[in-house]
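Residue numbers (our numbering), protein chains in the order written: chain A, 1 to 306; chain B, 1 to 643.
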Amino acid sequence: MIAYLGRRLIQSLLILLGVSLITFALLYLLPADPVRQIAGRSATPQTVENIRQQLGLDQPFVVQYWHYLVKLVGGDLGRSYIQRSEVTELIVSRLPASLLLMVGAILCELLIGLSMGLIAAVKRGTATDQTLMVASFVGVSAPQFVVGLLLLYVFAVRLSWFPIGGYGTWRHLVLPSLTMGILGAGWYARMMRSSMIDVLRQDYVRTARAKGLARGAIIFRHALPNAILPVIAMIGIDIGIFMGGIVVVESVFGWPGIGQLAWQAIQRVDIPIIMGVTLVSAFAIVLGNLLADIIAPFIDPRIKLR
Amino acid sequence: MTTTNPILTIANLSVSVRGEEGSREVVSNLSLTLERGETLCIAGESGSGKSMTALAIMQLLPQPAARISAGTIRLADTELTTLDERRMRRIRGDRIAMIFQEPMTSLNPVLSIGRQLTESIEAHTSLTPAQARQRAIEALKAVRISEAESRLKQFPHELSGGMRQRVMIAMALALEPDVLIADEPTTALDVTVQGEVLELLRDLQQKHGTSVILITHDMGVVAEMADRVIIMRHGSMVEEGKTSDIFAHPQADYTRELLAAVPRIGKRRDPDSALAPSPSLRSARLTSPPGERSSSTFAPVSFAQRKEEELAVASTSSSPPRGEGGPQGRMRGPSAEHSTPVAMVKDLHVRFDLRGGVFGRVTRRVHAVEGVSFSIAPNETLALVGESGCGKSTTAKALAGLVPYSGDIVVGGRNLSGLGRDERKAVRRDVQMIFQDPFASLDPRMRVGDLVAEPLVIHGIASKEERRERVAALFDRVGLSSDQMELYPHEFSGGQRQRVCIARALALRPKLIIADESVSALDVSVQARVLDLLKELQREFGVAYLFISHDMAVVENISDRVAVMYLGQIVEMGSRDQVFSNPRHPYTKRLIEAVPVPDPARRRNRFDRLDQEIPSATRRIGEAPLKLALSDVGDGHLVATEG
Numbered sequence: 001m002i003a004y005l006g007r008r009l010i011q012s013l014l015i016l017l018g019v020s021l022i023t024f025a026l027l028y029l030l031p032a033d034p035v036r037q038i039a040g041r042s043a044t045p046q047t048v049e050n051i052r053q054q055l056g057l058d059q060p061f062v063v064q065y066w067h068y069l070v071k072l073v074g075g076d077l078g079r080s081y082i083q084r085s086e087v088t089e090l091i092v093s094r095l096p097a098s099l100l101l102m103v104g105a106i107l108c109e110l111l112i113g114l115s116m117g118l119i120a121a122v123k124r125g126t127a128t129d130q131t132l133m134v135a136s137f138v139g140v141s142a143p144q145f146v147v148g149l150l151l152l153y154v155f156a157v158r159l160s161w162f163p164i165g166g167y168g169t170w171r172h173l174v175l176p177s178l179t180m181g182i183l184g185a186g187w188y189a190r191m192m193r194s195s196m197i198d199v200l201r202q203d204y205v206r207t208a209r210a211k212g213l214a215r216g217a218i219i220f221r222h223a224l225p226n227a228i229l230p231v232i233a234m235i236g237i238d239i240g241i242f243m244g245g246i247v248v249v250e251s252v253f254g255w256p257g258i259g260q261l262a263w264q265a266i267q268r269v270d271i272p273i274i275m276g277v278t279l280v281s282a283f284a285i286v287l288g289n290l291l292a293d294i295i296a297p298f299i300d301p302r303i304k305l306r
Numbered sequence: 001m002t003t004t005n006p007i008l009t010i011a012n013l014s015v016s017v018r019g020e021e022g023s024r025e026v027v028s029n030l031s032l033t034l035e036r037g038e039t040l041c042i043a044g045e046s047g048s049g050k051s052m053t054a055l056a057i058m059q060l061l062p063q064p065a066a067r068i069s070a071g072t073i074r075l076a077d078t079e080l081t082t083l084d085e086r087r088m089r090r091i092r093g094d095r096i097a098m099i100f101q102e103p104m105t106s107l108n109p110v111l112s113i114g115r116q117l118t119e120s121i122e123a124h125t126s127l128t129p130a131q132a133r134q135r136a137i138e139a140l141k142a143v144r145i146s147e148a149e150s151r152l153k154q155f156p157h158e159l160s161g162g163m164r165q166r167v168m169i170a171m172a173l174a175l176e177p178d179v180l181i182a183d184e185p186t187t188a189l190d191v192t193v194q195g196e197v198l199e200l201l202r203d204l205q206q207k208h209g210t211s212v213i214l215i216t217h218d219m220g221v222v223a224e225m226a227d228r229v230i231i232m233r234h235g236s237m238v239e240e241g242k243t244s245d246i247f248a249h250p251q252a253d254y255t256r257e258l259l260a261a262v263p264r265i266g267k268r269r270d271p272d273s274a275l276a277p278s279p280s281l282r283s284a285r286l287t288s289p290p291g292e293r294s295s296s297t298f299a300p301v302s303f304a305q306r307k308e309e310e311l312a313v314a315s316t317s318s319s320p321p322r323g324e325g326g327p328q329g330r331m332r333g334p335s336a337e338h339s340t341p342v343a344m345v346k347d348l349h350v351r352f353d354l355r356g357g358v359f360g361r362v363t364r365r366v367h368a369v370e371g372v373s374f375s376i377a378p379n380e381t382l383a384l385v386g387e388s389g390c391g392k393s394t395t396a397k398a399l400a401g402l403v404p405y406s407g408d409i410v411v412g413g414r415n416l417s418g419l420g421r422d423e424r425k426a427v428r429r430d431v432q433m434i435f436q437d438p439f440a441s442l443d444p445r446m447r448v449g450d451l452v453a454e455p456l457v458i459h460g461i462a463s464k465e466e467r468r469e470r471v472a473a474l475f476d477r478v479g480l481s482s483d484q485m486e487l488y489p490h491e492f493s494g495g496q497r498q499r500v501c502i503a504r505a506l507a508l509r510p511k512l513i514i515a516d517e518s519v520s521a522l523d524v525s526v527q528a529r530v531l532d533l534l535k536e537l538q539r540e541f542g543v544a545y546l547f548i549s550h551d552m553a554v555v556e557n558i559s560d561r562v563a564v565m566y567l568g569q570i571v572e573m574g575s576r577d578q579v580f581s582n583p584r585h586p587y588t589k590r591l592i593e594a595v596p597v598p599d600p601a602r603r604r605n606r607f608d609r610l611d612q613e614i615p616s617a618t619r620r621i622g623e624a625p626l627k628l629a630l631s632d633v634g635d636g637h638l639v640a641t642e643g
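Structure below.
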């Protein structure tokens, strides 16, 4: 187990290194000039050149990347060009809000998605099944900003059950979590359904029935743990999709997380913040996958970590 | 045994399955009774409706496609067909229990053995968890599982197939049901394990007076176990009677054919070894037998085609001329050293490393094949027998170039290890394989004609037109018609598919064909015909076979020489007669004894049981297995001696 974790840690560091290199290179190749953004339109060429030198942006790519890496190893993500503060501080102050949103969203998608998939599989071929699958299809295909605005309109504006935006109480959390969760719920419903249908066909389910067990015991004790395995592996990958969705959803709901931070930074080519948010997201994805792999053996004794 | 009050009565039962072309009866108008304490065998080939009957009794027919369309099933005084699901659930597992064929998949992989045992006990009794646990331990002890208490914590994947099937039996018998339905309970097990499991079933049945319905395709198992037999075919009962009567005086034609097709040890069912009938006669015989739907399309081979085929083969192969080579080669047996062997294997080792620890170092090693040596002469069949995990398939794979090995493999006089990539490919053309599962070894998206032509394409042989002609000739030769070349694999029966696989193996006119359990998945009557075809092709083309099987009766039927493998090594090798009439090694004796004899008069009283697992071939690094030395006990009959 420890050997396994050690190897995975080394792998994770390599992945993060790769992500940092690719993101850095992409930002370097970007036609937009961050210095222009900082200096403003009326700045003289001399001022622009000064700022460029000050930020080290006149150096060749390799040198720039090396400097960034050296600081990164010391835990320093650099200073924001525009906001004039440490990127680390900015991210740390906004991370809890985003994590909260992510937990809410994962709960939403698991609760909605898994139960939809389970019911659809058990009632396979019936009208219930078809309705649920159409619903999941809508969930998968509806753009998040549309879902967000729709939920806002119905539950915040018309019904006033939840606040329109902001951050603070659990009621603030409901609509953004739902918006993020609906996309994943659609995926999970479909995966869970096919996985469950497959498991219900297995010989050991027939054995369980031949033993005279009640329907509930067969579904929840015998089928569900087997069916949920491929879904768990998905959760790790899912966090990556979340990181994309968070930018949109946090903007729609005015949620003060790193998604909003990233959105502002992208508009103004604030390279240190973009790099920082990307690395934190990549770290979250790597961590999510690791957690999913560690949980799997607890459900399926055949899986051994090595 | 009372005959007044049967425990189970089935009257006029019909089961129909809804398919794409409307509904179809898979069981029609079946009536039977099961007396208390009796063992009733339902025997038949695949598609005879025997499993459907079992599922109908359990009310577990696959929903919603299959349903009982007529008839009644009574358990003592309870009518089961009209019972609601809640009350049926109380009967399942408690009064009627069932064991299934596939022990590897019939237990839930994520639940411990203990959980799976106790849950059915708890579902049907009011015992406390502690009492249920105690009951579970007793049940495991009853099926002779050692260290029952610690087994409760284990998971199915930690047990072997035989152990799992015992757990299934323990689960079924823990609540002492009135009726036990065992659906092919030993088909997936090794012969020696099969012997133990059958004996266990018989013991437990006698002890508890359970009535047993045993479903099987194996007439040996029927003879061994049954008081009465029902023979089924295409969903209907063909014949019913006491076991001894059925075997001694079968009334129905089908029963006679079925019994005739059963391979038996000691009675070589090989009418053509004395004189070979003309090919057209043989083909004509092949058209008649039942079971395989395809047989009507079996056109007698025309002489023109045959000549052409023979000429083509003669030009590419250096094997002795077939006409006279056939029967002569049959009798040659072990004294074939004067001709160059088709293939020679010397001191073959195949080991797989298992990694573990912090840096993924090799910690343990599977010694799959340990110093195996043999040679195969042209026109000869060498059988490699042994139980699962003995290394027989790995040996075959090494010979076909599918796994890395150490040692020497010489094909057609050329040592493979000294050859370059292209040369090796050319030599490998002489070695072809036929696999066990004809359903899995044909790509479902390719036409069978293309599948057979593929080896020719890969090796760049012949133009497109010539290939077509060759494939058509091959189809004719293996008993398929050339019109069938355009069809897809799913349109064929199992036996026909295996014929396609044989045609594919023949396409390159190899000198050696490796048949890895090639007839094991087939029904006996189909199996007999495929074996006949293999022998015929050998006579005709002079091809040698490495025939890998776990089935001693089949091996006796087809082989010239036999090598018995155990834990990666050969423990005995000799001519067929030497090994079967005079087995010297204890393991060989055990293998032969374990085969159920299809003759109720020769029922064995007790199978000498081991109640332990065959040891594993996995060892720690540095712990090499003890090497067995083979010594000649006369006439080339080699037997292993320890040390």
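Backbone N, C-alpha and C fix where the C-beta goes; we use that ideal spot for every residue, glycine too.
Contact belief for residue i with residue j at Cβ below 8 Å, rounded distance in angstroms
i      : j      : result
B:P6   : B:T33  : 4 Å
B:L657 : B:F247 : Because chain B in this structure spans residues 1 to 643, residue 657 of chain B falls outside the shown range and cannot be described.
B:S375 : B:A343 : 7 Å
B:G241 : B:R256 : Contact doesn't hold; Cβ gap of about 13 Å is too wide.
B:Q154 : B:I113 : 5 Å
B:A170 : B:A142 : 7 Å
B:E370 : B:P625 : 6 Å
Contacting residues, own chain, Cβ-Cβ under 6 Å from residue i (five flanking each side not counted)
i      : result
B:S581 : none
A:Q37  : R268 and V269
B:A97  : A172, P177 and L180
B:G494 : P438 and L522
B:V221 : P596
Within chain A, the residues that residue i reaches when beta carbons sit closer than 7 Å
i      : result
B:M163 : None at all; the shortest Cβ gap to chain A is about 16 Å.
B:H124 : G212
Chain-order list of residues whose beta-carbon lies under 7 Å from that of residue i (same chain, five-residue window excluded)
i      : result
B:T459 : For the record, residue 459 of chain B in the displayed sequence is His; it is not Thr. R429 and L508, listed in sequence order.
B:R497 : P438, F439, L442 and P489
A:R171 : F162 and P163
A:L17  : none
A:G165 : F253 and G254
B:S406 : H349
Partners in chain A for residue i, counting only beta-carbon separations shorter than 9 Å
i      : result
B:G19  : Neighbours of B:G19 on chain A: none; closest Cβ ~16 Å, over 9 Å.
B:D450 : Going along chain A, no residue has its Cβ under 9 Å from B:D450, so there is no contact; the nearest lies around 31 Å.
Chain B contact residues for residue i, given Cβ-Cβ distances below 7 Å
i      : result
A:I232 : Residues of chain B passing the Cβ test: none, with the nearest at roughly 12 Å.
A:D203 : F100, E102, T105 and S106
8 Å Cβ cut-off: residues of chain A touching residue i
i      : result
B:P109 : Y204, N226, D300, P301 and R302
B:L60  : R206, R209 and A210
Cβ-based neighbour list, residue i, same chain, cut-off 8 Å, excluding 5 preceding and 5 following
i      : result
B:E79  : T72 and I73
B:N108 : Q116 and P156
Where in the region 2-69 of chain A do unbroken runs of the alpha helix (DSSP H), each at least 4 residues long, occur, reported from the N-terminal end onward?
2-29, 34-39 and 45-55
Does the count of Cβ pairs from the region 88-105 of chain A and the region 273-280 of chain A closer than 8 Å reach three?
At 8 Å Cβ cutoff, the stretches touch.
Counting pairs of Cβ atoms below 8 Å between the region 244-253 of chain A and the region 131-140 of chain B, do you hit three or more?
no
Quick one: which unbroken alpha helix (DSSP H) runs of 4-plus residues sit fully inside the region 157-234 of chain A? Chain order, please.
170-200 and 203-210
Which runs of the alpha helix (DSSP H) fall wholly inside the region 363-446 of chain B and span at least 4 residues, in chain order?
392-399 and 421-428
Contact the region 551-566 of chain B vs the region 381-398 of chain B: 3+ CB pairs below 8 Å:
Counting Cβ pairs under 8 Å, three or more are found: they touch.
Sequence ranges, alpha helix (DSSP H) only - wholly within the region 98-130 of chain B, length at least 4
For the region 98-130 of chain B, whole alpha helix (DSSP H) runs of length 4 or above, ordered along the chain, are 113-124.
Spell out a yes or no on whether the region 233-241 of chain A and the region 205-218 of chain A are touching, meaning 3 or more CB-CB pairs, one atom from each, closer than 8 Å.
Flag = no, the region 233-241 of chain A and the region 205-218 of chain A do not touch.
Any chance you could list the beta strand (DSSP E) runs of at least 3 consecutive residues sitting entirely within the region 458-518 of chain B, in chain order?
512-516
What alpha helix (DSSP H) runs, 4 residues minimum, are completely inside the region 544-589 of chain B?
Runs of the alpha helix (DSSP H) inside the region 544-589 of chain B: 552-558 and 576-581.
Could you say if the region 189-201 of chain A and the region 128-145 of chain A meet the contact criterion of at least three C-beta pairs nearer than 8 Å?
yes
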